[in-house]
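Going by our numbering, the letters in the sequence shown line up with residues 8 to 65, in that order.
Note that beta-carbon positions come from the ideal geometry of N, C-alpha and C, so glycine has one too.
None of these values were measured; they are calculated from a predicted model.
The structure appears right after this line, and notes come after that.
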Amino acid sequence: VDRVRHRRYAKTVQRTKRLHVHDEDNQLSVGDRVRVQETRPLSKLKHWRLVEILERAK
């Protein structure tokens, strides 16, 4: 989640991105907050690798 200021309205907004991440051990679930690292292309859509899990989904 990035916090940025809106160009026109100068309001702080939160930006998120949905990435296709390679999870070797199949340990992630929907809603987990993670740290990822860019890597070589692993498939058509996967260009990111899991580094660590910051927070589990509730």
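Residue range of the beta strand (DSSP E) that residue i falls in?
i	result
Leu-35	Careful: Leu-35 lies outside any beta strand (DSSP E) and carries neither H nor E.
Arg-56	55–62
So what's residue i in DSSP terms, helix, strand or just coil?
i	result
Arg-47	coil
Val-8	coil
Thr-23	coil
Arg-15	coil
For residue i, which residues from the same chain have a beta carbon less than 7 Å from its beta carbon, with the 5 sequence-adjacent residues on both sides left out?
i	result
Arg-10	Thr-19 and Gln-21
Take residue i and list the residues in its own chain whose beta-carbon comes closer than 8 Å to its own, dropping the five residues that flank it on each side.
i	result
Lys-65	Gly-38
Pull up the CB-CB distance for residue i and residue j, whole angstroms please, since I reckon it's below 8 Å.
i	j	result
Arg-40	Glu-59	Going by Cβ atoms, the distance from Arg-40 to Glu-59 rounds to 10 Å, so no, they are not a contact pair.
#### Entry: Cβ contact (3+ pairs, closer than 8 Å) linking the stretch 55–64 and the stretch 29–41
yes
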